[in-house]
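Novice: Residue 1275 in the working numbering sits at position 15 of the sequence shown, with consecutive numbering throughout. Where is the CB? At the ideal position from N, CA and C, for every residue including glycine.
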Amino acid sequence: MTRDQASGLRMINQQQNDKVKVIAVTGGKGGVGKTSVAINTAVALAEKGKRVMVLDADLGLANVDVMLGLRAERNLSHVLSGEAELDDIIVRGPKGIGIIPATSGTQAMVELSPAQHAGLIRAFSEMKTQFDVLIVDTAAGISDMVLSFSRASQDVLVVVCDEPTSITDAYALIKILSREHGVFRFKIVANMVRSLREGMELFAKLSKVTDRFLDVALELVATIPFDENLRKSVRKQKLIVEAFPKSPASIAYHGLANKVISWPIPQQPGGHLEFFVERLVQKPEYQEEGTSE
């Protein structure tokens, strides 16, 4: 990225966007309920008066709009082609949350060229829509785009469920983000657990291996219980926080939303929107020195 691009991004209206809290929701593997965590938390935040934007960053297999029963006429591919601006493609979901939809089944969106990266940054820098929280729902796995969105965000939420592959893949994601991208703090969401105790035991399993091999700090921020109402809400194409607001999972999502509100935004530009978009294409400066497992 050129110096001109970076300085241009700093022209974002500070009054509008310098208090944006940017959170990446990721998981290392598919099937852990990452998107459900992202959008239920988004709606819970909106119910508490926050203006929330959700970026569907699974650029090849978008599903946020589908899960919400919404029809997106245009998506990020139209932004990158110059046919639309980000403000033009936003669709509104429950409680007024904004959704920036990606495209589904398009291989070209999975690995963007440097020029397309620059176009994405330019699109963010020109956004006029105001919001308080940007939740980035990443793709599964540890692709370059997942890593870029994660290291660019202020907070990284790693969603884990009680399966060996989920724990292994979450560890792999944390390992590469810490050793190669300088991310050392991770917030853990134990999802689909049978009890608070099971969630804490799941967190302990992950912490045990990270404490042994990595120099990172993990924090358990939510245990989302397995809830039969979740399946019912999916069939209705509604979120559980909407369809069953008194259910155990909904209560847990509201607890997570309260924690998100309490997380501070650093005085330096760590949580600012222009910092987020600049970091999307910057090469990480952190280099591992003599770390071995």
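(1) Skipping 5 residues on each side, what residues in its chain have a beta carbon closer than 7 Å to that of Thr1470?
(2) Just to confirm, is the Cβ distance from Val1312 to Ala1302 under 7 Å?
(3) Have a look at the DSSP bridge pairing and note the partners of Arg1352.
(4) Is the Cβ-Cβ distance between Ala1284 and Ser1410 less than 7 Å?
(5) Looking at the strands, I want to know which residues DSSP matches up with Lys1289.
(6) Quick one: any contact between the stretch 1397-1407 and the stretch 1332-1348, if contact means 3 or more CB pairs under 8 Å?
(7) Which class does Ala1517 belong to by DSSP, given the choice of helix, strand or coil?
(8) So the candidates are Gly1459, Ser1507 and Val1443; which of them puts its Cα closest to the Cα of Arg1539?
(9) Assign Arg1439 to buried or exposed, taking buried as 16 or more other Cβ atoms, counted over all protein chains shown, within 10 Å of its Cβ.
(10) Could you tell me if Gly1293 is buried or exposed, where buried requires 16 or more neighbouring beta carbons within 10 angstroms of its beta carbon?
(11) For the alpha helix (DSSP H) that contains Glu1458, what are its first and last residues?
(12) I believe Val1416 touches Ala1450 by the beta-carbon criterion, under 8 Å. Please report the beta-carbon distance rounded to the nearest angstrom.
(13) Once DSSP output is grouped into helix, strand and coil, what is the label at Ala1477?
Specialist: On the basis of the supplied data:
(1) Tyr1431, Ile1434, Val1476 and Leu1478
(2) yes
(3) Gly1358
(4) yes
(5) Paired residues: none, contrary to the question.
(6) no
(7) helix
(8) Val1443
(9) buried
(10) buried
(11) Leu1456 to Phe1473
(12) About 15 Å separates the two Cβ atoms, so there is no contact after all.
(13) strand
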